[in-house]
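>
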Amino acid sequence: MYIGTTDSRGLMHCMWEIIDNSVDEALGGYGSRIEVILHPDDSVEVRDTARGIPVDIEPKTGLSGVEVVMTKLHAGGKFGSGSYAASGGLHGVGASVVNALSERLDVWVDRGGKTHHMAFRRGEPGKFADPASGPTPDAEFTPFVTGSELDVTGKVGKAVTGTRIRYWSDRQVFNKQASFAYDELIVRARQTAFLVPKLTMVVRDERNPLEPTEQSFMFEGGPKDFVDFIAPDAAVTDTWLLKGSGNYTETVPVLKPNGHLESEDVDRACEVDIALRWGTGYETEVRSFVNIISTPKGGTHLAGFEQGLTKAVRKVIEANARRLKLTGKDGAERTIALDDEEFGLLHIVAAAVGELGG
-10 MYIGTTDSRG LMHCMWEIID NSVDEALGGY GSRIEVILHP DDSVEVRDTA RGIPVDIEPK
50 TGLSGVEVVM TKLHAGGKFG SGSYAASGGL HGVGASVVNA LSERLDVWVD RGGKTHHMAF
110 RRGEPGKFAD PASGPTPDAE FTPFVTGSEL DVTGKVGKAV TGTRIRYWSD RQVFNKQASF
170 AYDELIVRAR QTAFLVPKLT MVVRDERNPL EPTEQSFMFE GGPKDFVDFI APDAAVTDTW
230 LLKGSGNYTE TVPVLKPNGH LESEDVDRAC EVDIALRWGT GYETEVRSFV NIISTPKGGT
290 HLAGFEQGLT KAVRKVIEAN ARRLKLTGKD GAERTIALDD EEFGLLHIVA AAVGELGG
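Structure below.
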């Protein structure tokens, strides 16, 4: 199964996939607010103020963009690299798998001055005969027979855009004991807000209507604020923020229409934000990310930073070798290693990688 497990981890994985689609847009500079709502009926709703899923007919399939995204695996790329330039999905299973694993899923898209709506039952598009009390997966469902319909349910200002997705996980698939981990959601929302400066992340837990809770996160300083938040000791330096960007070409396997995998060169853009400071302690702490996803085992982005740090520190030391007395009593030159530089160092390395527009 694409989500790996049908326990609480699987439920959370599905939630991350929907949330990360909205975060992808924010990473691309679209949308500044994402709301996640846990409803009393065990459904999850994710709202954003980004561009909205495309509603026009996609030429290759003859389906609306909404239906393509919600029913076709890895469909984001069908709308060009500009649609989802820096994907943050855990494994890229996408909204289509979440849809297939949902007893019901509804999508509302604000785009072009209209609100568009489509509903699905276990991935199949159709219409629910909802009661006056609101949407429910228990309502009578009629699948589309001759063709899918994207309903227009209202009007909005032309400047209003965004996507709202509400889904009810299929309890025939997930364990009865599986539940959404609120504390884990809060940690992830706060972390995302740190890594995407000026993005507001709102989490509302309405599962207990008598005691609803809401937490909101927004940080102007990005990774710099993240360092200050997690710092375990007093600072002995300022917190520095470094930024860099570049392009490179990567050869990747691409699945062709004939079902064959073929190697293809892909031009990619990479941006890196690094925040670091030294503290009074002796422990080294590092947090590294690619497209806001934690990389606890590091990677080339972290290795590159460490090499650059060593080179920069050695350059400064060599320029001041006489004053710093870097030779021992025997006259031998002392060598500065990475461990020496990282005593008390707290650093965050966040890379964003995506295909170049085209």
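Following my numbering, the numbering of the sequence shown begins with -10 at its first residue and continues without gaps.
Ideal Cβ placement from N, Cα and C applies to all residues, glycine included.
#1: Helix, strand or coil for GLY54, going by three-state DSSP, please let me know.
#2: Less than 7 Å between the C-beta atoms of ASP222 and GLY270, yes or no?
#3: Does the region 114 to 122 come within contact of the region 151 to 161, defined as at least 3 CB pairs closer than 8 Å?
#4: If we count the other Cβ atoms within 10 Å of its Cβ and call it buried at 16 or more, is ASP95 buried or exposed?
#5: Quick check: the Cα distance between THR240 and GLU251, rounded to an integer number of angstroms?
#6: Check the C-beta distance from VAL98 over to ILE42 and give it rounded, since I have them as a contact under 8 Å.
#7: I'd like to confirm the pairing. Which residues does DSSP put opposite GLU34 in its beta bridges?
#8: Would you report the Cα separation of PHE117 and PRO126, rounded to the nearest angstrom?
#9: Starting from GLN180, trace the alpha helix (DSSP H) in both directions and tell me its first and last residue.
#10: Within 10 angstroms of its Cβ, does TYR73 collect 16 or more other Cβ (buried), or is it exposed?
#11: Assuming the contact rule is C-beta atoms closer than 8 Å, ARG111 and SER91 should be a hit. Round their C-beta distance to whole Å, please.
#12: Candidates LYS61, ILE8, ILE306 and GLY115: which alpha carbon is nearest ALA39's?
#13: Under three-state DSSP, which class holds LEU335?
#14: If I'm right that LEU188 touches MET207 with Cβ under 8 Å, what's the distance once you round it to whole angstroms?
#15: To which residues of the same chain is HIS106 closer than 6 Å at the C-beta, ignoring the five residues directly before and after it?
#16: Classify GLN161 as buried or exposed, calling it buried when 16 or more other Cβ atoms lie within 10 Å of its own Cβ.
#17: For the beta strand (DSSP E) that THR202 lies in, which residues bound it at each end?
#18: Beta-carbon separation of ALA148 and ASP(-4) under 7 Å?
#19: Does DSSP classify THR238 as helix, strand or coil?
#20: With 16 as the cutoff for other CB atoms within 10 Å, does GLU209 come out buried or exposed?
#21: What does the alpha-carbon distance come out to for the pair ASP328 and GLN204?
#22: Do LEU291 and VAL342 have their CB atoms nearer than 7 Å?
#23: Taking 6 Å as the limit between beta carbons, can you name the residues of its chain near ALA75, skipping five residues before and five after?
#24: Can you say whether VAL2 is buried or exposed, counting buried as having 16 or more other CB atoms within 10 angstroms of its CB?
#25: With SER11 as the anchor, note down where its alpha helix (DSSP H) starts and where it stops.
#26: Note down, in chain order, each residue of its chain lying with its Cβ closer than 6 Å to the Cβ of LYS232, except the 5 sequence neighbours on either side.
#27: Measure the Cβ-Cβ separation of GLY115 and PHE133 and say whether it is below 7 Å.
#28: Along the alpha helix (DSSP H) that carries ASP214, what are the first and last residues, could you check?
#29: By how many angstroms is the C-alpha of ARG93 removed from the C-alpha of LEU52?
#30: Going by DSSP, what residue range makes up the beta strand (DSSP E) through LEU94?
#31: Reducing DSSP to helix, strand and coil, say where GLY(-7) ends up.
Let me spell this out:
#1: As a working note, residue 54 is residue 65 in the sequence shown. The answer is helix: DSSP assigns GLY54 an H, G or I state.
#2: If you number the sequence shown from 1, residue 222 lands on position 233. If you number the sequence shown from 1, residue 270 lands on position 281. Their beta carbons are under 7 Å apart, which means ASP222 touches GLY270 by this criterion.
#3: By the Cβ rule, the region 114 to 122 does not count as touching the region 151 to 161, because fewer than three pairs are nearer than 8 Å.
#4: Translated into the one-based positions of the sequence shown, residue 95 becomes position 106. Counting the other CB atoms within 10 Å of its CB gives ASP95 a total of 16 or more, which places it among the buried residues.
#5: For the purposes of this step, residue 240 is identified with residue 251 of the sequence shown, where counting begins at 1. For the purposes of this step, residue 251 is identified with residue 262 of the sequence shown, where counting begins at 1. One C-alpha to the other measures close to 10 Å.
#6: Against the sequence shown, residue 98 aligns to sequence position 109. Against the sequence shown, residue 42 aligns to sequence position 53. Contact holds; Cβ gap of about 5 Å.
#7: The residue labelled residue 34 in the question sits at position 45 within the sequence shown. GLU34 pairs with ILE26 and ARG155.
#8: In the sequence shown, counting from the first residue as 1, residue 117 sits at position 128. In the sequence shown, counting from the first residue as 1, residue 126 sits at position 137. Distance between the alpha carbons of PHE117 and PRO126: 8 Å.
#9: Residue mapping note: residue 180 aligns to position 191 of the sequence shown, counting from 1. First-last of the alpha helix (DSSP H) with GLN180: 171 to 184.
#10: In the sequence shown, counting from the first residue as 1, residue 73 sits at position 84. A caution first: TYR73 carries a pLDDT of 37, below 50, which makes its placement in the model unreliable, though a value can still be read off. The residue is buried, with at least 16 neighbouring Cβ atoms inside 10 Å.
#11: By 1-based counting over the sequence shown, the position of residue 111 is 122. By 1-based counting over the sequence shown, the position of residue 91 is 102. The Cβ separation is near 7 Å, so the contact holds.
#12: Stepping through the sequence shown from its first residue, residue 39 is reached at position 50. Closest by alpha carbon: ILE8.
#13: Walking along the sequence shown from the start, residue 335 turns up at place 346. DSSP places LEU335 in strand when its eight states are reduced to three.
#14: Here residue 188 refers to the residue found at position 199 when the sequence shown is read from its first residue. Here residue 207 refers to the residue found at position 218 when the sequence shown is read from its first residue. About 7 Å separates the beta carbon of LEU188 from that of MET207, a gap short enough to meet the 8 Å contact definition.
#15: In the sequence shown, the residue the question calls residue 106 occupies position 117. Here HIS106 has TRP97, ASP140 and THR142 as same chain residues with Cβ atoms under 6 Å from its own Cβ, once five neighbours each way along the sequence are excluded.
#16: One-based indexing of the sequence shown puts residue 161 at position 172. With fewer than 16 other Cβ atoms within 10 Å, it is exposed.
#17: Walking along the sequence shown from the start, residue 202 turns up at place 213. Taken as a continuous stretch (DSSP letters only), the beta strand (DSSP E) holding THR202 covers 202 to 206.
#18: Your numbering for residue 148 matches position 159 in the sequence shown. Your numbering for residue -4 matches position 7 in the sequence shown. Taking 7 Å as the Cβ cut-off, ALA148 and ASP(-4) do not qualify as a contacting pair.
#19: Here residue 238 corresponds to residue number 249 of the sequence shown, with the count starting at 1. Strand.
#20: Indexing the sequence shown from 1 puts residue 209 at position 220. Flag for GLU209 reads exposed.
#21: Here residue 328 corresponds to residue number 339 of the sequence shown, with the count starting at 1. Here residue 204 corresponds to residue number 215 of the sequence shown, with the count starting at 1. Roughly 39 Å between the two C-alpha positions.
#22: Position 302 of the sequence shown, counting from 1, holds the residue named residue 291. Position 353 of the sequence shown, counting from 1, holds the residue named residue 342. No. Outside cutoff.
#23: Your numbering for residue 75 matches position 86 in the sequence shown. Unreliable positioning characterises ALA75 in this predicted model, as indicated by a pLDDT of 41, which lies under 50. The coordinate reading is nonetheless provided below. Around ALA75: LEU16, ASN280, ALA341 and GLY343.
#24: Start at 1 with the first residue of the sequence shown, and residue 2 comes out as number 13. Here residue 2 is His; the residue named in the question, Val, does not match the sequence. Its Cβ being crowded by 16 or more others within 10 Å, HIS2 is buried.
#25: Counting from 1 along the sequence shown, the entry for residue 11 is found at position 22. Its alpha helix (DSSP H) spans residues -3 to 16.
#26: Position 243 of the sequence shown, counted from the first residue, corresponds to residue 232. Counting only Cβ-Cβ distances below 6 Å, and skipping sequence neighbours, we find ASP262.
#27: Taking the first residue of the sequence shown as position 1, residue 115 is located at position 126. Taking the first residue of the sequence shown as position 1, residue 133 is located at position 144. Yes, the Cβ-Cβ distance between GLY115 and PHE133 is below 7 Å.
#28: Taking the first residue of the sequence shown as position 1, residue 214 is located at position 225. Element bounds for ASP214: 212 to 219.
#29: Position 63 of the sequence shown, counted from the start, is the residue given in the question as residue 52. Position 104 of the sequence shown, counted from the start, is the residue given in the question as residue 93. One alpha carbon belongs to LEU52, the other to ARG93, and they sit about 20 Å apart.
#30: Locating residue 94 in the sequence shown gives position 105, where the first residue counts as 1. LEU94 -> beta strand (DSSP E) spans 91 to 100.
#31: Within the sequence shown, residue -7 is the residue found at index 4, counting from 1. In the three-state DSSP reduction, GLY(-7) falls in the coil class, being neither helix nor strand.
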